[in-house]
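The structure appears right after this line, and notes come after that.
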Amino acid sequence: MAETEAPRPRQRPIVRLGIFLISHSFSFSVVCCTAGVLALLLLPILAKNTYISENALMPGSANPMLSNQDVLEANRFVKDLIALNSKPRGSGIESQRLIAQYMKDLGAEVNYHKFHPQITQFHPLQFFSSPDSGTVERNISCSFHGVNTVGITRAPRGDGKEAIVLVTPYNSQKIKQAEALSLGTAYSVFSLLSRVTWLAKDIIWLVSDSQHGEYAAVSAWLRDYHIPMFTRLHTVNAETCPDINYLYDVRDNSVTGRKIYDGFKRAGTMAAALVIKVVDRSETFDDNLNIYAEASNGQMPNLDLINIVNYLAVHRQGFRVKVEKLWSLLDSKWLKNLGELFESVGQVVSSINPQWKFGIPAADYTEGIATLASSLYNQALGVPTGPHGAFRDYQVDAITLELSPRASVDKIIRQNDFLLRGGRLIEGVILSVNNLLEKFHQSFFLYLLTSPGKFVSVGVYMIAFALLVAPLPMVAASLYADAINLNSSQNNEKTVADEPGTALRSLKWVNAAKKVFVVHLWGSVVSLLPYFICQIPNRSPTVSFIIWFLLSVLSFFIMFLILASPFSHAKESQLHLREWAILKSVTMSATFIGLCLMSVINFSTAELGGLLLVPMCLMAQPMRRDIRVGSLSTLSRLAYNLVFCLIGFPPVTFVLLKGAFEGFNSINVGDFWCWVESLWAWSSATYLYIGMVHLPCWVLCIHILFHHC
Amino acid sequence: MAAKEGRFWGWAFASVIFRLILIYFPNNLNLSSRPEVSTPLTSLRRLAEGYWLKQSSLSPYAGSMYHGSPLLLYVLGPLTAKSLVFVIADVVNALLIRVIGQNLQISYNQRLKALSLDAIPKEKAILPSRDIAALVYLWNPFTIVSCVGLSTSPIENMAVILSLYGACTRYGPETPPRKLFDGKVEDSASSNHSHRAMKQQGAATIFSWKPVLKFLMWSVVWSIYVLVLCGLCVRHYGGLHEMFKRTYGFILTVPDLSPNIGVLWYFFAEVFEFFRNFFLIVFHMNILFMVLPLAIRLNHRPCFLAFVYIAISSMLKSYPSVGDAALYLGLLGLFVNELAGKFIDMQFSFFLFCVYVGVSLLSPVMHNLWIWRGTGNANFYFATAMAYACFQIVLVVESVSAMLSHDRKLKKLSIAKHQESKSQQHSTNDLSDSRTRTTVKSAVASWIEDLCILRNNAFLLSI
Chain S
1 MAETEAPRPR
11 QRPIVRLGIF
21 LISHSFSFSV
31 VCCTAGVLAL
41 LLLPILAKNT
51 YISENALMPG
61 SANPMLSNQD
71 VLEANRFVKD
81 LIALNSKPRG
91 SGIESQRLIA
101 QYMKDLGAEV
111 NYHKFHPQIT
121 QFHPLQFFSS
131 PDSGTVERNI
141 SCSFHGVNTV
151 GITRAPRGDG
161 KEAIVLVTPY
171 NSQKIKQAEA
181 LSLGTAYSVF
191 SLLSRVTWLA
201 KDIIWLVSDS
211 QHGEYAAVSA
221 WLRDYHIPMF
231 TRLHTVNAET
241 CPDINYLYDV
251 RDNSVTGRKI
261 YDGFKRAGTM
271 AAALVIKVVD
281 RSETFDDNLN
291 IYAEASNGQM
301 PNLDLINIVN
311 YLAVHRQGFR
321 VKVEKLWSLL
331 DSKWLKNLGE
341 LFESVGQVVS
351 SINPQWKFGI
361 PAADYTEGIA
371 TLASSLYNQA
381 LGVPTGPHGA
391 FRDYQVDAIT
401 LELSPRASVD
411 KIIRQNDFLL
421 RGGRLIEGVI
431 LSVNNLLEKF
441 HQSFFLYLLT
451 SPGKFVSVGV
461 YMIAFALLVA
471 PLPMVAASLY
481 ADAINLNSSQ
491 NNEKTVADEP
501 GTALRSLKWV
511 NAAKKVFVVH
521 LWGSVVSLLP
531 YFICQIPNRS
541 PTVSFIIWFL
551 LSVLSFFIMF
561 LILASPFSHA
571 KESQLHLREW
581 AILKSVTMSA
591 TFIGLCLMSV
601 INFSTAELGG
611 LLLVPMCLMA
621 QPMRRDIRVG
631 SLSTLSRLAY
641 NLVFCLIGFP
651 PVTFVLLKGA
661 FEGFNSINVG
671 DFWCWVESLW
681 AWSSATYLYI
691 GMVHLPCWVL
701 CIHILFHHC
Chain V
1001 MAAKEGRFWG
1011 WAFASVIFRL
1021 ILIYFPNNLN
1031 LSSRPEVSTP
1041 LTSLRRLAEG
1051 YWLKQSSLSP
1061 YAGSMYHGSP
1071 LLLYVLGPLT
1081 AKSLVFVIAD
1091 VVNALLIRVI
1101 GQNLQISYNQ
1111 RLKALSLDAI
1121 PKEKAILPSR
1131 DIAALVYLWN
1141 PFTIVSCVGL
1151 STSPIENMAV
1161 ILSLYGACTR
1171 YGPETPPRKL
1181 FDGKVEDSAS
1191 SNHSHRAMKQ
1201 QGAATIFSWK
1211 PVLKFLMWSV
1221 VWSIYVLVLC
1231 GLCVRHYGGL
1241 HEMFKRTYGF
1251 ILTVPDLSPN
1261 IGVLWYFFAE
1271 VFEFFRNFFL
1281 IVFHMNILFM
1291 VLPLAIRLNH
1301 RPCFLAFVYI
1311 AISSMLKSYP
1321 SVGDAALYLG
1331 LLGLFVNELA
1341 GKFIDMQFSF
1351 FLFCVYVGVS
1361 LLSPVMHNLW
1371 IWRGTGNANF
1381 YFATAMAYAC
1391 FQIVLVVESV
1401 SAMLSHDRKL
1411 KKLSIAKHQE
1421 SKSQQHSTND
1431 LSDSRTRTTV
1441 KSAVASWIED
1451 LCILRNNAFL
1461 LSI
């Protein structure tokens, strides 16, 4: 920003524009902020229909080959699996053996993958580094392991360099009907694919053991797939764990006589992965397909993958495709009114010129907003919505397909129909992905969904964010320029420049920057504290939260004492009036940088954070000045400031949001701790954002508010 | 003063401790593989590879890993395992910068006294710019990262700073514009006001060939010596020709297009093959075009000129790293009194600082988005590289213009003071003719001096 002083006779237009913007920064910031919020609300209207941009995919170009024969086979498999439940002992191992047996009968290469779910570690910069840096040698107990079963069909037309992954999570301890159905669906497709001739990519069917969580099993398998471990872990296991020995003993006297390879089998790089789940919700109308796509830190798979699934499911197999919605928004009054308003605006616009397409029906708008809100929320949280999230860490595009049949699947005909349609859908998707010559790259990676068939691309939603944060640098520049000019005019009046502080008036900001830096440093200390708190045994969430809070306050005062020298130094020059203005301008710059950085890492966090931080930052002013003036406008500003500073405190924000969605009855202090703990257990960048951008900014705003000027 | 001194040493010591802590902690961020830190020229891994090849009596340049001088292998090769060397190099750098700062300050004060402006600096209680510069160097995150990330840039920076130090101690470096003195000598000839100092000043401006010839002779001797040593080292592996091809040729033809914080890699990845040579010439001529005009304009401030040159070369380098930025930002600290003093402000200092913080945080994130997450592409990262280059340009332009207006202000002050003290209506206009002549002469002289300094750098670097 051009903070030029001393008006020269002729200035360059860009400088003049800068000066104009700065001098009208108040009105501009009001306009920009309103426009930013409005643009966010307009996103469902601005959303475009999805289209398949990679030509090679050609979804639905071939007739599905999955026949009733495959379905009957799958039915037999499902029955056998469920029958295992009635057997008394070691059903876990039995089920894996059964699956392996079926896979082998199809001519696939089979191996078991033993894993130990990774212990949650504090690894805040995980999103930033490559995924391998987290592996540590662990102390293993035998009781706490899972066994994945992996089958690989080699492609007759491929060179073995690429693969497509099917994942079916199931609980090996107790197999439910729905899980067995999902296994059956995958089995029907797998049995078909082991016979077809067109396959150019290997098919990996991962039957993941979800007794320790669906995500953990898949991520453990992926880790071992991509990062070979050359340790003795495997042999140690075999010696000490009787279960696994049993697994390997039986393989020798199995019926076919072929051995199961006890190493780790690999195919090529993964082109895409589909996680198949069946849930037993008794929906009334239709067979449903829920798509979950959000991976860690708001990363999404390529939009083309969702597109082909959506296209095939709707146009070929007749599923009702859904993405997650925030249900509580659906029946909110003001959204309906807003939708009707937009609808009527759209009608007016189209009556002026029928060419202009603006506005959608109010009901669609409400649905769009609810989907968008859920999309934003899931991305902002940074926690993957299913096992597909593990794939995104290795740059593999993956989604979870959650199929839910229309009625109960007890009837055998219903079940066969469901298996046929589900299998054909997956077959179609695999056929499309099989056509790919390169990775998915044509379509978008950065988008928000407003419905399964509509999306908002990065170019559109960035406008809303840019409008929202644009006032920050503008107001910062104007405050800075004002303070400097005021200062210089004071100097000219006095003409006594013997005070050392004023000698470097253009470096006035250094003291403020020091203060801001110290507060940010404190923020990083606060975000490191939970690591130590977690070492304390036997603590309840509430206690942990209180310890955390107290330690944070303590560390704040310690830092004040240790780094007191910059502060005491600053006090000397605090004589001049606008010290808070410079502090505010530095705070705003820091917030701006933090928000922009976060918008690159995880857009949704930045957007939601910006909605909270920007109004707070813009309006923060010393309380004493407002009280001293005492007019209505200053008092209302004071009230506004207090309210926003109260809302801006992260625990309060959390409690308010939770209360708004779930009611205030069930809230206690420990909930916030649980939430934060889950954030850092998933190594979400949002956690770092809260600790190192949001909290320091809030503290600085409070500091400005209570500034003695 | 003693308290200030103590504080400086305290902070310097703290920075060393900080480095040691970072070095002996497990490297979570894997700094030594970051493109910002280690370029093909400064990567310690490549040096270790070259050393290993040399130990197993192969050519150190085999496999296109190592691109430094063969003599450097002898010096640094055995030390590759010890990262303490880089900490020591950083401390030495900071101390050298401090001594340079001291020299600059002394000569600056002398010149001010000679211009009878001494009342002003005393009044405003100058900040010890040497301490600021040294601490800026030590605590600059770029310096810390390149030291902890095990790149050889601290050693290279040491060579540059050492040659600057040598240049500063031999000739008194920084002066307000010589024009001032020329005017003054003739103005104050009648009045005996600090006459002797003026005379000395006048003597200094007279150009003589002797030191130049002496310098040229010694540099030729030194370069022949270095070349002979290099030739001995690589005589079994293709001789000096191979060495030149693999070191200077590697720098000039930019064959390694792996991303870094500069702008050349992207450009040469995009450019058509048959235009490549043309654009190589264009890009490298760019630096040469700036040498002469800057030398003429800034001839009275060779040290500042050296800063400008270093900043420009780190901007237009084929393989820039953050270590280069660390060097010129440290040197910028030396001129804090001139650039941000009472006379003149660097208006954009706050803005520059924010951009500096923003870009240096954004660039690794963009790189992550492109390389690791695969959701971005090369343009994302290149955008930050461009922003960084623009930031450097603005920094250079701003600092040069601030420095020039500082000198202009000094001149105005001194003229005003002069006229006040003499209370004469003596016009200085008619002197302009003789002044320009002397200026051009002295410009040429100082340009040659600067070239000498630069050559000196180059030689030290080639060791």
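Protein chains in written order, with this note's numbering: chain S, 1 to 709; chain V, 1001 to 1463.
The C-beta atom is built at its ideal place from N, Cα and C for all residues, glycine as well.
Here the structure is a predicted model, which means the values were calculated and not measured.
Exercise. Go through its chain and collect everything with a Cβ distance to residue 601 of chain S's Cβ below 6 Å, but skip five positions before and after it.
Key: Only 685 meet the Cβ criterion.
Quiz item: Per DSSP, residue 320 of chain S is paired with what?
Solution: Beta-bridge pairing by DSSP links residue 320 of chain S to S:288.
Quiz item: From residue 1008 of chain V to residue 161 of chain S, what distance separates their C-alpha atoms?
Solution: About 60 Å.
Exercise. Check whether the segment 657 to 674 of chain S touches the segment 621 to 641 of chain S, taking contact to mean three or more Cβ pairs, one atom from each stretch, closer than 8 Å.
Key: No, they do not touch.
Quiz item: Leaving out the 5 sequence neighbours to the left and right, which residues in its chain are closer than 7 Å to residue 651 of chain S when beta-carbon positions are compared?
Solution: Hits under 7 Å: 672.
Quiz item: Relative to the C-alpha of residue 560 of chain S, which residue among S:551, S:598, S:519 and S:524 is closest?
Solution: The option with the nearest alpha carbon to residue 560 of chain S is S:519.
Quiz prompt | Cβ shell of residue 586 of chain S (< 7 Å), same chain only, five flanking positions each side left out | solution = Hits under 7 Å: 509, 512, 513 and 516.
Quiz item: Within this structure, are the beta carbons of residue 1168 of chain V and residue 1103 of chain V separated by less than 8 Å?
Solution: For residue 1168 of chain V and residue 1103 of chain V, yes; Cβs fall inside 8 Å.
Exercise. Go to residue 224 of chain S, then tell me how far its beta strand (DSSP E) extends in each direction, as first and last residue.
Key: Looking at the DSSP string, residue 224 of chain S is not in any beta strand (DSSP E); the run it does join, the alpha helix (DSSP H), is 214 to 226.
Quiz item: Who are the neighbours of residue 1365 of chain V on chain S, taking C-beta pairs under 7 Å?
Solution: Within chain S, the residues near residue 1365 of chain V are 597, 600 and 601.
Practice problem: Just tell me which of V:1140, V:1055, V:1004 and V:1057 has its CA closest to the CA of residue 1016 of chain V. | Solution: The shortest C-alpha separation from residue 1016 of chain V is found at V:1140.
Quiz item: Is the shortest distance between the beta-carbon of residue 704 of chain S and the beta-carbons of chain V less than 8 Å?
Solution: No - not a single Cβ of chain V is within 8 Å of the one on residue 704 of chain S.
Quiz item: Does the distance from the CB of residue 1288 of chain V to the CB of residue 1254 of chain V come in under 8 Å?
Solution: Going by C-beta atoms, residue 1288 of chain V is not nearer than 8 Å to residue 1254 of chain V.
Exercise. For residue 299 of chain S, return the contacting residues in chain V, with the cut-off set at a CB-CB distance below 7 Å.
Key: The answer, in chain order, is 1373 and 1375.
Practice problem: Say whether the segment 335 to 347 of chain S touches the segment 372 to 389 of chain S, bearing in mind that this needs 3 or more beta-carbon pairs closer than 8 Å, one atom from each stretch. | Solution: The segment 335 to 347 of chain S, when compared against the segment 372 to 389 of chain S, does not touch it at the 8 Å Cβ threshold.
Quiz item: Below 8 Å between beta carbons: does that hold for residue 1315 of chain V and residue 1385 of chain V?
Solution: Contact: no.
Quiz item: For residue 1008 of chain V and chain S, any beta-carbon pair shorter than 8 Å?
Solution: Taking Cβ atoms only, chain S never reaches closer than 8 Å to residue 1008 of chain V, which makes this a no.
Quiz prompt | With 16 other Cβ atoms within 10 Å as the buried cut-off, status of residue 1239 of chain V | solution = The residue is exposed, with fewer than 16 neighbouring Cβ atoms inside 10 Å.
Self-check item: Nearest-angstrom Cα separation, counted from residue 1113 of chain V out to residue 1420 of chain V
Solution: Their backbone Cα atoms lie some 17 Å apart in a straight line.
Quiz item: Would you say residue 724 of chain S reaches chain V, if we count a Cβ-Cβ gap shorter than 8 Å as a contact?
Solution: The displayed coordinates of chain S run from 1 to 709. Any statement about residue 724 of chain S would go beyond what the structure contains.
Quiz item: Can you find a C-beta in chain V that's less than 8 Å from the C-beta of residue 445 of chain S?
Solution: The beta-carbon of residue 445 of chain S is placed less than 8 Å from the nearest beta-carbon of chain V.
Quiz item: According to DSSP, which residues form a beta bridge with residue 397 of chain S?
Solution: DSSP, once it has assigned bridges, lists S:272 as partnering residue 397 of chain S.
Quiz item: Count the other CB atoms within 10 Å of the CB of residue 609 of chain S; is the residue buried (16 or more) or exposed (fewer)?
Solution: Note on residue 609 of chain S: 16 or more other CB atoms within 10 angstroms of its CB, so buried under the neighbour-count rule.
Practice problem: Would you verify that the beta carbon of residue 480 of chain S is, or is not, closer than 8 Å to some beta carbon of chain V? | Solution: Chain V has a Cβ within less than 8 Å of the Cβ of residue 480 of chain S.
Quiz item: Helix, strand or coil: how does DSSP classify residue 342 of chain S here?
Solution: In the structure shown, the three-state DSSP call for residue 342 of chain S is helix.
Quiz item: Under a three-way DSSP split, which group does residue 137 of chain S fall into?
Solution: Because the pLDDT of residue 137 of chain S is 45, which lies under 50, any placement of that residue in the model is unreliable, and the question is left without a value.
Practice problem: Just mark residue 607 of chain S as buried or exposed, buried being the case when its beta carbon has 16 or more other beta carbons within 10 Å. | Solution: Around the CB of residue 607 of chain S, 16 or more other CB atoms lie within 10 Å, so the residue is classed as buried.
Quiz item: So, are the CB atoms of residue 291 of chain S and residue 425 of chain S less than 8 Å apart?
Solution: At least 8 Å separates the beta-carbon of residue 291 of chain S from that of residue 425 of chain S.
Quiz item: Thinking C-beta only, is residue 404 of chain S closer than 8 Å to residue 276 of chain S?
Solution: With respect to residue 404 of chain S, residue 276 of chain S sits apart: the two C-beta atoms are not nearer than 8 Å.
Exercise. Excluding the 5 residues preceding and the 5 following residue 190 of chain S in the sequence, name in chain order all residues of the same chain whose CB lies nearer than 8 Å to its CB.
Key: Correct list, in chain order: 103, 106, 108, 151, 153, 166, 203 and 205.
Quiz item: Among S:357, S:528 and S:228, which residue has its Cα nearest to the Cα of residue 787 of chain S?
Solution: With chain S covering only 1 through 709, there is no way to say anything about residue 787 of chain S.
Quiz prompt | Residue range of the beta strand (DSSP E) that includes residue 439 of chain S | solution = From DSSP, residue 439 of chain S is part of no beta strand (DSSP E); its letter is neither H nor E.
Quiz item: Name the DSSP beta bridge partners of residue 169 of chain S, please?
Solution: Answer by DSSP bridge pairing, in chain order: S:208.
Self-check item: Own chain residues within Cβ distance below 6 Å of residue 536 of chain S, not counting five before or after
Solution: Counting only Cβ-Cβ distances below 6 Å, and skipping sequence neighbours, we find nothing.
Quiz item: What is the residue span of the beta strand (DSSP E) that residue 146 of chain S lies within?
Solution: Its beta strand (DSSP E) spans residues 146 to 153.
Quiz item: Beta-carbon of residue 1354 of chain V versus every beta-carbon of chain S: anything under 8 Å?
Solution: At a cut-off of 8 Å between C-beta atoms, residue 1354 of chain V counts as an interface residue with respect to chain S.
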